[in-house]
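Peer 1: Count along the sequence shown from 1, then add 661; that gives the number in our numbering. Glycine residues also receive a C-beta, built at the ideal position from the N, C-alpha and C atoms.
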Amino acid sequence: MIVPGAELKIYIATRPVDFRCGHDGLAAKVQQMFDLDPFSGAAFVFRSKRADRIKILVWDRTGLVLMHKRLKGCKFVWPKLANGVMRISPAMFAALFEGLDWRLVRPEEARRPQVAG
């Protein structure tokens with residue numbers, strides 16, 4: 662699995678896509694539907710109509726990588742169906758990939774130090 666670092670941009674499609682699409686079909690959807698560059702190094706996450714499967718498309722500087730995950734007995738938590746794309750944090754993506762409710766993931770704010778050293 663590609664481990665998302667803090668610098669990885671992750672976008673999720675808010676509408677289901679045809680899961681017969683492969684690398685090229687999903688890359689075309691990124692360009693046409695989201696007006697984004699599929700070769701930017703960002704991760705693009707798509708879901709099936711039944712919400713039990715996701716596909717993740719990433720350009721790793723040598724080629725397009727396509728991952729497919731299917732949950733057994735449950736469904737992925739997804740945003741409300743709407744046209745477009747939304748960006749999520751790497752922590753939210755990790756929860757989504759595990760089949761957890763990623764909407765409950767909140768960044769912990771670090772308190773600003775009063776004194777250096």
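Identify every residue that forms a DSSP beta bridge with residue 730.
Peer 2: 715.
Peer 1: Between residue 749 and residue 739, is the Cβ-Cβ spacing less than 8 Å?
Peer 2: No, these two residues do not count as a Cβ contact at 8 Å.
Peer 1: Short check: CB of residue 715 to CB of residue 737, under 8 Å?
Peer 2: In contact: residue 715 and residue 737 (Cβ atoms closer than 8 Å).
Peer 1: If you compare alpha carbons, which of 713, 741, 746 is closest to residue 670?
Peer 2: Closest option to residue 670, Cα to Cα, is 746.
Peer 1: Helix, strand or coil: which one does DSSP assign to residue 763?
Peer 2: The answer is helix: DSSP assigns residue 763 an H, G or I state.
Peer 1: Among 758, 774, 777, 754, which one has its Cα closest to the Cα of residue 767?
Peer 2: When each option's Cα is compared against that of residue 767, the closest is 754.
Peer 1: Between which two residues does the beta strand (DSSP E) containing residue 737 stretch?
Peer 2: Counting along the chain, residue 737 falls outside any beta strand (DSSP E), and DSSP gives it neither H nor E.
Peer 1: Which same chain residues, not among the five before or five after residue 784, have their C-beta less than 6 Å away from its C-beta?
Peer 2: Nothing can be reported for residue 784: it is not among the residues displayed for the chain, which extend from 662 to 778.
Peer 1: Please go through the same chain and pick out, in chain order, the residues whose beta-carbon is closer than 8 Å to the beta-carbon of residue 722, but skip the five residues on each side of it.
Peer 2: These residues qualify, in order along the chain: 702.
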